[in-house]
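Residue numbers (my numbering): 30 to 381. Cβ atoms here follow ideal geometry from the backbone N, Cα and C, with glycine treated the same way. All values reported here derive from a predicted model rather than from experimental measurement.
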Ligand code: DP6
């Protein structure tokens, strides 16, 4: 499949419209870190789609007004975000030929705390892409639900790479992998349900808010630093290779190996940051304290509590609902919560 498939129809009729959409965030297990031109990932990634952490977006389109974008985040006007969206819309005109023919008023709200440091770009661009596809159906005619979702994923990717995975529930793969039939660098695909052991379908993700507020280095800058990182090629290769054991683990329900692989991926992501030039570290003291406590807890109890990290200090605590969750939740509340800034924790579950 090529980008040609996503080119927009030249026959369209625009009218004033308001559409609304909602899109969840996602957390990667095998990480995307490093990309080429046009948002092509350096390696495939796989993520869990979350349930409660979402962005709700309404998009008002005023036909035949000069092209402009106004954005409001939780009711407050955000000029910088509007500039970013304007640039994004100009970039995707080939795929939605009507897109520059009107004025947009975009209102967006996250269900998770604004200052939490939880990446809102995945759910944010996911929701915008869904709104655009709704407008496209009205202006250019309906396509099948499958085609529309795939194009929404394609468009979301051009806004923020990880966003393309948020269009689907369950486990989602973005990036060409020999191990996943139909996978592509251009859009995400759902990992086949029949290939996932039940233990991985009822999972918690509790996000410990170790550091609220702005990150010192953005993901975009971080991806860029992989271009000169001497370990980058080895890392990309390893991520590709990790799909082999991941496939086997997901099928057989091997929790021990799942934990090992997911934690290894998280630590590798942060190791890459430390090996960048200039180096940077997004983990905080609390991040390391929590990781060590999780390892001690696992050694002492053998219970399946483990972590992953995104490009920030917060710790995503992962654990299945398999009978041990009450003991794990008590441990989190009594031992781990103290390492957050303001007792901050966002309790989510994976969406299947
Ligand atoms: C560490 O998708 O935020 O969360 O494509 O530049 O918008 P851009 O980057 P972004 O990077 C996410 C990186 C990550 C890993 C992942 O989600 O796979």
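- Proximity to residue 34 across 184, 85 and 135 peaks at 184, based on C-alpha coordinates.
- In the pairwise beta carbon analysis, the stretch 69 to 79 is classified as touching the stretch 190 to 205: at least three pairs are separated by under 8 Å.
- As the crow flies, the alpha-carbon of residue 54 is around 26 Å from that of residue 353.
- If only uninterrupted beta strand (DSSP E) runs of at least 3 residues are considered, those enclosed by the stretch 33 to 112 are 46 to 59, 74 to 92 and 97 to 102.
- Here the distance from the Cβ of residue 74 to the nearest heavy atom of ligand 1 is below 8 Å.
- Residue 237 is not a Cβ neighbour of residue 36, given a cutoff of 9 Å.
- If you check the C-beta of residue 127 against ligand 1, you find no heavy atom less than 8 Å away.
- Rounded to the nearest whole angstrom, the CA to CA distance from residue 271 to residue 150 is 26 Å.
- Cα atoms of residue 315 and residue 289: separation of roughly 21 Å, rounded to the nearest angstrom.
- In the assembly as shown, residue 65 is an exposed residue. Its beta-carbon has fewer than 16 other beta-carbons within 10 Å.
- For residue 189, the closest C-alpha among the options 323, 158, 356 and 42 is that of 158.
- By the 16-neighbour rule on beta-carbons within 10 angstroms, residue 247 is exposed.
- Residue 130 carries a coil assignment under DSSP once its states are collapsed to helix, strand and coil.
- Annotation: residue 374 to residue 309 spans about 25 Å, alpha carbon to alpha carbon.
- In the DSSP annotation of this structure, the continuous segment of the alpha helix (DSSP H) that includes residue 271 starts and ends at 261 to 281.
- Going by DSSP, residue 210 is part of no alpha helix (DSSP H) at all; its letter is neither H nor E.
- Exposed is the label assigned to residue 224, since fewer than 16 other Cβ atoms lie within 10 Å of its Cβ.
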